[in-house]
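What follows is one structure encoded as C-alpha cells, with my remarks underneath.
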Amino acid sequence: LVAVYSTAKFRMMGLPTLLAWMPYEDCNTCVKEMAREIIPVVITAPCIAGIGAHNPAVNLEWIIDEMMALGFSGITNEPFCGLYGEFFSKQLEAAGIGFSREVELIRTAHQKDIFTVAWAFNAEEARVMAEAGADVIGAIVGVTSGGLTGAKEVMTLEKATEEVQKMCLAARSVNPEVFVLTHGGPFADVPTAQYSVANSDADGYASGSSGERLPTEQAVIAITKEYKNIKVKA
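This note's numbering puts the sequence shown at residues 9 to 242.
Here it is in C-alpha cells:
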C-alpha cells in the first residue's frame, strides 16, 4: 500500500508531523493535490487517501467519493487527533469532531465497500475501529522517534510492543480476520519494526517517517559530508 496524506508532505519539508493540525493548509486539499502527482506513477500498488475527518463543514460521504474519483483505492483516518494527547482529543470530542468522526469516516467507507486502514492509539480505539468495519488496524504508539524532527521521548521497545499486542487482541475480539500493522514510537527502523512484529500478533509494519523522512535525512546528511570532504588543489 502507498498512503498519501498531509503529514508526510510536512515531514518532507523538514517540518514535524504535528504541524498537520495547525491552520496553515487544508489536509484534504493537500491530498487531492498530491494525488495528481503520485497516483499516475504508482503502477503496482494501491494508493490510500488520508482524509481529515474533523472539519464539521466536510461531508464525509462526499469527501470519500471525491478521493475515490481521483483514483484512490481506499481511505485512512489521517491526520488523527490521538497524536496530540488526551486533553486535545477530549476537547474535540466534546465538540463532536474528535475520534468519533474518525470512526464515522471508517464506517462510512466500509458501508460503501471501500478498503479502509484505521489508525488506533489504544486497545479501546482498536476495538471500536474494528466494529466500524476497518479492514486494517494501524496500531500506532506515538510519533516516530529519531532524526531531526522525530519524537525525543517514546515508550521503550518492549512497552510499545505490549501496547500493540493489546490492540491486536481488542480488534480481533470483534473481527478475528482484521489485519494489524505496527507503527510509530520506537519502531523507527528495520530491527525495531521486526521486533514489533516478532513479539506480537501483528501482521506487519506500516512505515511513515521511517520510510521517507529518516532515510532521506540520513542520506542527505551523509552525502553532504562526503562532498564537503572533497580535496581541492592548493
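The beta-carbon is built from N, C-alpha and C at its ideal position, and this holds for glycine as well.
Exercise. So the beta strand (DSSP E) A126 belongs to, where does it begin and stop?
Worked result: First-last of the beta strand (DSSP E) with A126: F123 to A128.
For this session: With a 10 Å radius around its C-beta and 16 neighbouring C-beta atoms as the bar for buried, classify P64 as buried or exposed.
Result: It is exposed - the Cβ of P64 has fewer than 16 other Cβ atoms within 10 Å.
For this session: Work out the CA separation of E166 and Y203 for me, nearest whole Å.
Result: Between Y203 and E166, the C-alpha separation is close to 9 Å.
Exercise. So, are the CB atoms of T152 and G104 less than 8 Å apart?
Worked result: Not closer than 8 Å, so no.
Exercise. Alpha carbon to alpha carbon, how far is K120 from E69?
Worked result: Rounded to whole angstroms, K120 and E69 show a C-alpha spacing of 9 Å.
Exercise. Given a threshold of 16 other Cβ atoms within 10 Å of its Cβ, counted over all protein chains shown, does M20 qualify as buried or as exposed?
Worked result: Flag for M20 reads exposed.
For this session: Would you please state the rounded distance, in angstroms, between the beta carbons of A134 and M175? I believe it to be under 8 Å.
Result: About 4 Å separates the two Cβ atoms, so the contact holds.
Exercise. Which class does L68 belong to by DSSP, given the choice of helix, strand or coil?
Worked result: L68 carries a helical assignment under DSSP once its states are collapsed to helix, strand and coil.
For this session: Specify, as a first and last residue, the run of the alpha helix (DSSP H) that H62 falls within.
Result: It is not in any alpha helix (DSSP H) - H62 carries neither H nor E in the DSSP assignment.
Exercise. With M137 and I122 assumed to form a contact (beta carbons below 8 Å), what rounded beta-carbon distance in angstroms separates them?
Worked result: At roughly 15 Å, the Cβ-Cβ gap does not stay under 8 Å, so M137 and I122 are not in contact.
Exercise. In this structure, does DSSP put L9 in helix, strand or coil?
Worked result: Note: L9 maps to coil in three-state DSSP.
Problem set entry | Start and end residues, beta strand (DSSP E) containing T84 | Note, T84: beta strand (DSSP E), G82 to T84.
Exercise. Which two residues bound the contiguous alpha helix (DSSP H) that contains V205?
Worked result: Residue range V198 to A206 is occupied by the alpha helix (DSSP H) that includes V205.
For this session: Within its chain, find whatever has a CB closer than 8 Å to the CB of V186; leave out the 5 residues flanking it on each side and keep chain order.
Result: Annotation for V186: A138, A142, D143, V144, I145, A179 and R180 place their beta carbon closer than 8 Å to its own, counting only its chain and skipping 5 residues before and after.
Exercise. Counting along the chain, where does the beta strand (DSSP E) carrying V136 start and finish?
Worked result: For V136, no beta strand (DSSP E) encloses it; the enclosing alpha helix (DSSP H) starts and ends at A131 to E139.
Exercise. What residue range is occupied by the uninterrupted beta strand (DSSP E) comprising I229?
Worked result: Looking at the DSSP string, I229 is not in any beta strand (DSSP E); the run it does join, the alpha helix (DSSP H), is R221 to K236.
For this session: Would you kindly work out how many angstroms separate the C-alpha atoms of E132 and Y13, rounded to a whole number?
Result: Per the coordinates, the alpha-carbon of E132 lies some 24 Å from the alpha-carbon of Y13.
For this session: Would you check if the distance between the CB atom of A126 and the CB atom of N85 is smaller than 8 Å?
Result: Between A126 and N85, the CB-CB gap stays under 8 Å.
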